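What follows is a set of notes on a single structure, which appears directly below.
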Amino acid sequence: MKPNPEPTPRPTRVRPTPARRAALAVFAVLGSAAVALATANASASGTGNDARSQLTLIAPAGAGGGWDGAAREAQQAMRAQGIVNNAQVVNIPGAGGTIGLTKFAGMEGENTTLMLMGITMLGAININGSETTLEDVTPIARITEDYDVLVVPADSPYNSVDDLVAAWKRDPGAFAFGGGSLGSVDQMIITQLAQASGIEPTAVNYIAYSGGGELATSLMSGTIKASVSGYVDFADQIEAGRLKALAVSAPEPVDAIDLPTLKELGYDIELTNWRGIVAAPGITAEQKTELQAIVTEVVGTPEWADAIERNQWTDRFLTGEDFERFIAEESRSVNDIWNELGY
């Protein structure tokens, strides 16, 4: 994605309905309880109150998703190499990560907790009308990138993206797509594909799921006709011949994924699903430096290198002011995408 060189005003966001606000409030209470329990458990273990003694990694999503997977891979690397004495993972699911973000932003000065995040959170901030943004936390590092693939059931009549688009255009409302949470990179790709194909973006029938397992099941049962999600979410089913992959969202061909890119097929779409780590607001410069050092050590371990290979991630480590600038640029770009798409 190309950065917008000039800052743009924060866009008008879609405001949640009263029912959605009530649901978000319930998630926030549950998230608070989860973090409080983790903190209590860490304190009871007799460890100190610095990040090397105890560290909580918040995955702002349910178990089994990309953020959860990255958090647990980091946890294993910390344990294997003794980087942190007591590393825990806490899940705070809901609203594309914005429930976890809101809770975390309220943990002023908390220097023993980190949170996973990424491009999906930027979209969810916009779509969910979140008052809390990434300006309210402390950037630490970008850690990985991967790419989405467009898939259909193995017995689908669509053998190419063009086949799929032709059927989709005939009745957009009846053509159900599945992907991750509202505002996710999955939804951005599907909505951009609609626009590139002459389909009104707001007419897209998009169903949000909590993980790749649910998506694969829905595809094979016929609940949805197509899906866009991370390649690793579907790899086993593709290899087993139960799902058929049509294209990848990468800007150029990916050696490990034998698929054409959407750009090669004439659809000017390229989005990267990057993941990063942030710290709480209000920590000291010394505490921020220590947390950056911990993450830097993690990505240098053989355990993390193995995780990169197994999950078919791309190592895109970035920290310091470069990462802060990257977040600002990506925030503007994601907001521009949703504004252009009419959301």
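Read left to right, the sequence shown gives residues -38 to -1, 1 to 305 (mature numbering (1 follows the signal peptide of the UniProt record, and there is no 0)). Using N, Cα and C, we set each Cβ at its ideal position, and we do this for glycine too. Since this is a predicted model, take the numbers as computed values, not measurements.
Inset, instruction - Count the other C-beta atoms from every protein chain shown that fall within 10 angstroms of the C-beta of Gly56, then say buried if there are 16 or more, exposed otherwise. - result: Gly56 should be labelled buried.
Inset, instruction - Express the C-alpha separation of Thr153 and Ile299 in angstroms, rounding to a whole number. - result: When the Cα atoms are used, Ile299 and Thr153 turn out to be separated by approximately 10 angstroms.
Legend entry - Opening and closing residue of the beta strand (DSSP E) in which Arg237 lies: Here the beta strand (DSSP E) through Arg237 covers 235 to 241.
Inset, instruction - Pick out whichever of Val190, Ser146, Glu201 has its Cα sitting closest to the Cα of Asn297. - result: The residue with the shortest Cα to Cα distance from Asn297 is Ser146.
Legend entry - Helix, strand or coil at Arg204 according to DSSP, with G and I counted as helix: Of the three classes helix, strand and coil, the one that applies to Arg204 here is coil, per DSSP.
Legend entry - Three or more C-beta pairs below 8 angstroms linking the segment 18 to 37 and the segment 71 to 81: Per the Cβ contact rule, the segment 18 to 37 is in contact with the segment 71 to 81 (3 or more Cβ pairs under 8 angstroms).
Inset, instruction - Using a threshold of 8 angstroms, state whether the C-beta atoms of Ile239 and Val257 are closer than that. - result: Yes.
Legend entry - Bridge partners - Ala170, DSSP secondary structure assignment: Paired residue(s): Gly141.
Inset, instruction - Could you spell out where the alpha helix (DSSP H) holding Glu35 opens and where it closes? - result: 28 to 43 is the span of the alpha helix (DSSP H), which, as asked, contains Glu35.
Inset, instruction - With a 10 Å radius around its C-beta and 16 neighbouring C-beta atoms as the bar for buried, classify Gly58 as buried or exposed. - result: With 16 or more other Cβ atoms within 10 Å, it is buried.
Inset, instruction - List the endpoints of the continuous beta strand (DSSP E) containing Met79. - result: Unbroken beta strand (DSSP E) run through Met79: 75 to 80.
Legend entry - Proximity below 8 angstroms, CB of Val123 to CB of Leu227: Contact flag set, yes.
Legend entry - Opposing strand residues paired with Pro115 [DSSP bridges]: Leu205.
Inset, instruction - Starting from Pro134, follow its DSSP beta bridges and name the residues at the other end. - result: Secondary-structure assignment with DSSP links Pro134 through no beta bridge to anything.
Legend entry - Same chain, Cβ closer than 7 angstroms to Asp98, neighbours up to 5 away in sequence not counted: Excluding positions up to five away in sequence, the list reads Ala67, Pro243.
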